[in-house]
Each structure stands twice: as C-alpha cells, then as structure tokens.
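> This is the structure I want to talk about, given as structure tokens.
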Amino acid sequence: MHNDILKFGFQEGRSCSTSTCFAISPMNSVDDVIKDMESQEFPARTVDYDADSDSVDEFPAEGYSEDDLQLVEDFVEDVAPAKGLPAEDDEDDSDGEPDVTSTSGDGPIVEFAGLPEWGKPALEVAKQVLRAPEMENIELYSFRAAALRDRLYIRIDKMDDLYGSPTLDDVALFSSKFSQALDARLGEEAAGKLSVEVSSPGAERIVRVPRELERFGSLPMQVTYLKEPGSTETDTKVLSLKELDEQQGTSRWGLADVKANRRKGVMKLSKREAGISFDLPISSLQLIKLHLEI
Numbered sequence: 270m271h272n273d274i275l276k277f278g279f280q281e282g283r284s285c286s287t288s289t290c291f292a293i294s295p296m297n298s299v300d301d302v303i304k305d306m307e308s309q310e311f312p313a314r315t316v317d318y319d320a321d322s323d324s325v326d327e328f329p330a331e332g333y334s335e336d337d338l339q340l341v342e343d344f345v346e347d348v349a350p351a352k353g354l355p356a357e358d359d360e361d362d363s364d365g366e367p368d369v370t371s372t373s374g375d376g377p378i379v380e381f382a383g384l385p386e387w388g389k390p391a392l393e394v395a396k397q398v399l400r401a402p403e404m405e406n407i408e409l410y411s412f413r414a415a416a417l418r419d420r421l422y423i424r425i426d427k428m429d430d431l432y433g434s435p436t437l438d439d440v441a442l443f444s445s446k447f448s449q450a451l452d453a454r455l456g457e458e459a460a461g462k463l464s465v466e467v468s469s470p471g472a473e474r475i476v477r478v479p480r481e482l483e484r485f486g487s488l489p490m491q492v493t494y495l496k497e498p499g500s501t502e503t504d505t506k507v508l509s510l511k512e513l514d515e516q517q518g519t520s521r522w523g524l525a526d527v528k529a530n531r532r533k534g535v536m537k538l539s540k541r542e543a544g545i546s547f548d549l550p551i552s553s554l555q556l557i558k559l560h561l562e563i
C-alpha cells in the first residue's frame with residue numbers, strides 16, 4: 270500500500286479546510302524533535318534539507334529515527350519558503366498547490382511536475398473512482414503529480430456544499446477506494462512507493478470562470494482583473510457578484526461587505542460604498558479566489 274496523507278481540519282460553518290492532520294504521526298511532535306536537535310552539537314554528518322547551509326534546517330542525522338527526520342523535513346518544506354528561504358526543489362511544492370496563474374477553464378486543474386510515468390494512470394484512476402455511485406456530488410478539483418519524491422496531491426470538490434468542502438467521511442472514502450484502485454492499476458510495489466495526499470480545495474480556492482461564478486456568487490471573492498481592455502495592468506479587489514451574462518460576456522460586481530473594504534472601526538459598508546459597482550468583461554477576469562475573512 271502507498272503512504273496516505275489525509276489533509277483534514279475544521280472551521281466553523283465548514284466541514285473541511287486546509288488545516289493539516291497527518292494520518293501517520295510519529296511519536297514526537299515537531300517542536301520536541303526540533304528543540305532536541307537544536308540542543309545538540311552538529312556531528313560531521315548532518316542533514317541539510319534545502320542545501321543552503323543555514324541553521325534553520327541543518328540537524329544531526331545520527332540518533333534519530335526516520336520518522337523524526339521525516340517530520341522535520343516536512344516541517345522545513347512548509348516553513349522555509351514562508352521565511353524567504355529557497356524551497357528544496359521548485360518542482361515539488363509541499364502543499365500540493367498547482368501553479369495556477371489563470372482562472373479560466375472548465376475541467377480540473379491538472380499538473381505533472383517532472384513528468385512522472387505514473388501520473389496519467391493515477392489521474393485515470395482518480396476519475397474512475399469518482400464515477401462510483403457513492404461518490405455522487407464529488408468531483409476532482411485538482412490533481413498534482415510530483416515526480417521528485419513520488420508524491421501525489423488530490424483535491425476533491427463537494428458540489429452540494431456552499432464552499433465545496435468535502436466531509437472527513439468523503440475524504441476517507443475516496444482515499445480508500447483510490448488506494449485499492451491504484452494498487453490494481455500500478456501493482457502494489459509501484460503504488461507502494463507513492464505518497465498520496467487527499468484534501469479539500471481549501472478555504473481560498475480558485476473559482477473557475479465562467480462555470481463557477483454563479484455557484485459561488487453568494488460568497489465574497491478576491492477578483493484580479495485587467496484595468497483597461499488590451500492593457501496588462503491589473504487590479505485586485507474583494508467583490509460580490511451582482512450580475513452575470515455569459516452570452517454577452519459581461520459581469521457586474523459590487524464591493525463585498527468584508528473587513529478589507531470597510532473603514533477602520535466601522536462594522537459595515539456605507540450606502541455609498543455598497544452602491545459602488547464594477548462592470549467587468551468576463552475576458553478581463555484574470556484570477557478569482559474565494560475570500561477568507563480573518
């Protein structure tokens with residue numbers, strides 16, 4: 270069997286988010302392992318996870334289990350980029366987020382990093398599993414296969430949920446069926462080398478244009494659009510969809526009543542602010558994501 274990593278989590282009003290809970294948990298916590306490692310003098314043989322010779326991720330390899338070292342490696346992959354440090358390899362992002370610069374398209378977001386030979390068969394297996402009757406209302410949101418470390422990131426979308434968030438049971442059911450089907454397709458030995466992560470699309474998921482505009486029309490969205498036709502200059506605002514005409518290729522938006530648009534200390538938009546509208550051609554919409562109010 271391959272290594273399954275399920276991304277679970279909860280937010281009020283949502284059944285799944287991008288909070289991470291690993292199905293395989295080493296005995297030590299990240300903080301305990303790192304604290305212990307930092308207290309040691311580095312021996313001659315160390316593990317430098319991003320090869321930049323800094324002290325953030327160089328820890329002694331001797332005296333620690335593989336689980337401990339893997340825990341630190343996973344931690345460094347998540348934290349190093351946030352601190353401005355180089356990632357270990359650009360072809361294998363730790364969170365599995367596909368490199369998306371456009372919000373257009375109708376199908377799932379698919380990316381093969383490093384052209385893994387198992388990528389396309391695994392994608393076919395995922396689509397096959399989602400055609401099962403018990404997977405009704407679940408669709409493939411994104412699929413990323415990274416060859417460098419034999420990792421597979423799958424995000425599934427629950428079509429009848431306000432935010433598209435699958436439940437824990439949905440994620441577990443898909444993961445189980447996918448695991449069995451992948452073993453059958455690739456063989457247990459080949460499938461066993463893969464680490465598979467299944468999660469929700471995330472709280473700030475990409476909204477595909479135009480197909481998902483009406484679906485998420487009741488939610489505030491972060492909209493990046495061209496300022497002028499034919500221009501490359503963009504602007505980004507948190508907006509609410511008011512009108513959509515796909516045949517005419519037009520959309521009308523208003524300022525979303527969220528903290529980002531309110532004046533300091535004010536709990537809601539003024540009537541004037543609420544009345545501001547933006548008439549945007551659908552072709553001008555460059556990237557749209559759901560807005561997460563923090």
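The numbering of the sequence shown is my numbering, which starts it at 270 and goes up by one.
From the three backbone atoms N, C-alpha and C, an ideal C-beta is built for every residue, glycine too.
#1: Going by the C-beta, is A450 closer than 7 angstroms to any heavy atom of the ligand FAD?
#2: In the DSSP assignment, what residue or residues form a beta bridge with E380?
#3: For G544, does the three-state DSSP call read helix, strand or coil?
#4: V527 and K506 look like a contact to me (Cβ under 8 angstroms); what is the Cβ gap, rounded to whole Å?
#5: How is the alpha helix (DSSP H) around D439 delimited, first residue to last?
#6: With a Cβ-Cβ cutoff of 8 angstroms, do L513 and G523 count as a contact?
#7: Compute the beta-carbon to beta-carbon distance between Y494 and L559, rounded to the nearest angstrom, for a pair I have assumed lies under 8 angstroms.
#8: Check each candidate in V465, L556, R541 and A525 and name the one with the smallest Cα separation from A391.
#9: For E502, does the three-state DSSP call read helix, strand or coil?
#10: Which residue wins for smallest C-alpha separation from P377, given the options L399, A525 and S500?
#11: Output the distance between the C-alpha atoms of G518 and D375, rounded to the nearest integer angstrom.
#12: What span of residues does the alpha helix (DSSP H) with G523 cover, start to end?
#13: Would the stretch 465–485 count as touching the stretch 418–434 if we require 3 or more Cβ pairs under 8 angstroms?
#14: Would you kindly work out how many angstroms separate the C-alpha atoms of K452 and Q397, rounded to a whole number?
#15: Which residue or residues does DSSP assign as beta-bridge partners of S509?
#16: Return yes when the Cβ of V379 is within less than 8 angstroms of the Cβ of A450, no when it is not.
#17: So for I423, helix, strand or coil by DSSP?
#18: I'd like the span of the beta strand (DSSP E) that includes K558, first residue to last.
#19: Does DSSP put M490 in a helix, in a strand, or in coil?
#20: Whole angstroms is fine: what's the gap from S324's alpha carbon to E481's?
#21: Are there 16 or more other CB atoms within 10 angstroms of the CB of R424, so buried, or fewer, so exposed?
#22: Only counting the same chain, and skipping five residues up and downstream in sequence, which positions put a Cβ closer than 6 angstroms to that of F547?
#23: Specify, as a first and last residue, the run of the beta strand (DSSP E) that E466 falls within.
#24: When the distance is taken between beta carbons, is V476 closer than 8 angstroms to M490?
So, from the listed chains and residues:
#1: This structure does not include the ligand FAD; it has no bound ligands of any sort.
#2: Here the question's residue 380 lines up with position 111 in the sequence shown. BP columns for E380 point to R413.
#3: Position 275 of the sequence shown holds residue 544. Looking at G544 - three-state DSSP - the assignment turns out to be coil, as it is neither helix nor strand.
#4: Indexing the sequence shown from 1 puts residue 527 at position 258. Indexing the sequence shown from 1 puts residue 506 at position 237. No, V527 and K506 are not in contact; Cβ-Cβ is about 11 angstroms, not under 8 angstroms.
#5: Mapped onto the sequence shown, residue 439 falls at position 170. Note, D439: alpha helix (DSSP H), L437 to L455.
#6: As a position in the sequence shown, residue 513 is number 244, starting the count at 1. As a position in the sequence shown, residue 523 is number 254, starting the count at 1. For L513 and G523, no; Cβs fall outside 8 angstroms.
#7: Indexing the sequence shown from 1 puts residue 494 at position 225. Indexing the sequence shown from 1 puts residue 559 at position 290. For Y494 against L559, the beta-carbon gap comes to about 16 angstroms, at or over 8 angstroms, which does not count as contact.
#8: Position 122 of the sequence shown, counting from 1, holds the residue named residue 391. The shortest Cα separation from A391 among V465, L556, R541 and A525 belongs to V465.
#9: What you label residue 502 is simply residue 233 of the sequence shown in a count that begins at 1. DSSP, read as helix, strand or coil, puts E502 in coil.
#10: Walking along the sequence shown from the start, residue 377 turns up at place 108. Sorting L399, A525 and S500 by C-alpha distance to the C-alpha of P377 places L399 at the top.
#11: Locating residue 518 in the sequence shown gives position 249, where the first residue counts as 1. Locating residue 375 in the sequence shown gives position 106, where the first residue counts as 1. Straight-line measurement puts the Cα of D375 at about 16 angstroms from the Cα of G518.
#12: Translated into positions along the sequence shown, residue 523 becomes position 254. Careful: G523 lies outside any alpha helix (DSSP H), inside the beta strand (DSSP E) at T519 to L524.
#13: Yes: the two stretches touch, three or more of their Cβ pairs being nearer than 8 angstroms.
#14: In the sequence shown, the residue the question calls residue 452 occupies position 183. In the sequence shown, the residue the question calls residue 397 occupies position 128. Checking the sequence shown, residue 452 turns out to be Asp, not Lys. When rounded, the distance between both Cα atoms is 14 angstroms.
#15: As a first step, residue 509 is located in the sequence shown; it is residue number 240 there, counting from the start. Under DSSP, S509 forms a beta bridge with G523.
#16: Position 181 of the sequence shown, counting from 1, holds the residue named residue 450. Position 110 of the sequence shown, counting from 1, holds the residue named residue 379. In this structure, V379 does not lie closer than 8 angstroms to A450 by Cβ.
#17: Position 154 of the sequence shown, counted from the first residue, corresponds to residue 423. In the structure shown, I423 sits in a strand (DSSP, three-state: E or B).
#18: Taking the first residue of the sequence shown as 1, we reach residue 558 at position 289. Run containing K558: L554 to L559, per the beta strand (DSSP E) assignment.
#19: Along the sequence shown, read from residue 1 onward, the residue named residue 490 stands at position 221. When DSSP states are grouped into helix, strand and coil, M490 belongs to the strand group.
#20: Working through the sequence shown from its first residue, we reach residue 324 at position 55. Working through the sequence shown from its first residue, we reach residue 481 at position 212. Here the model assigns S324 a pLDDT of 40, short of 50, so the residue's position is not dependable, and the following value carries that caveat. Between the alpha carbons of S324 and E481 lies a gap of roughly 45 angstroms.
#21: The count along the sequence shown starts at 1 and reaches residue 424 at position 155. Burial call: buried.
#22: Taking the sequence shown and counting its residues from 1, the one referred to as residue 547 is at position 278. These residues qualify, in order along the chain: W522.
#23: Counted from its first residue, the sequence shown places residue 466 at position 197. E466 -> beta strand (DSSP E) spans S464 to S468.
#24: Along the sequence shown, read from residue 1 onward, the residue named residue 490 stands at position 221. Along the sequence shown, read from residue 1 onward, the residue named residue 476 stands at position 207. In this structure, the beta-carbon distance from M490 to V476 falls below 8 angstroms.
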